[in-house]
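J.: In the working numbering, the protein residues as written are 2 to 141.
See below:
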């Protein structure tokens, strides 16, 4: 029985058409679907407004109302005091509560920042927009 050869460009076009027509990408590509998330980013500063390198930024995410936390994320601040956290949506709520705080680096003499609370819309299947939240460490 002769072997049927399908030209590579045709195979690529067929795969692209199947994915574009809302076929299940997990079955076709064996790739995972990323849950909705929001990127929370900002700067960590000291009481005088100076950047604080090495501060540890923590985020808790949970259902609207901030009654509980279902997930968490953390990241260090870079040399310019910048941080970036992907915060994943939890549960089926259309809105999530996010709480962000920063811990001072060891030996800095600064105290932890106050917690910043805010709500983020989490449409199912799509990442929400990025949210900037700057946090300021407190004086000793």
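Each residue gets a CB set at the ideal place from its N, CA and C atoms; glycine is no exception.
Computed from a prediction, not measured in an experiment: that's the story for all the values here.
Grab me the residues of residue 85's own chain with a C-beta within less than 6 Å of its C-beta, minus the 5 sequence neighbours each way, in chain order.
T.: Once the five neighbours on either side are set aside, the close Cβ partners of residue 85 are 42.
J.: Just how far apart, CA to CA, sit residue 137 and residue 95?
T.: Roughly 29 Å between the two C-alpha positions.
J.: Do residue 56 and residue 45 have their C-beta atoms closer together than 7 Å?
T.: Yes. Within cutoff.
J.: Can you list, in chain order, the residues of its chain whose CB lies under 7 Å from that of residue 81, leaving out five sequence neighbours each side?
T.: Correct list, in chain order: 52.
J.: Which partner residues does residue 86 have in the DSSP bridge list?
T.: BP columns for residue 86 point to 41.
J.: Name, in chain order, the residues that DSSP records as bridge partners for residue 63.
T.: In the DSSP output, where bridge partners are listed per residue, residue 63 has 98.
J.: Pick from 49, 109, 70 and 106: whose alpha carbon is nearest that of residue 99?
T.: For the residues 49, 109, 70 and 106, the minimum Cα distance to residue 99 belongs to 70.
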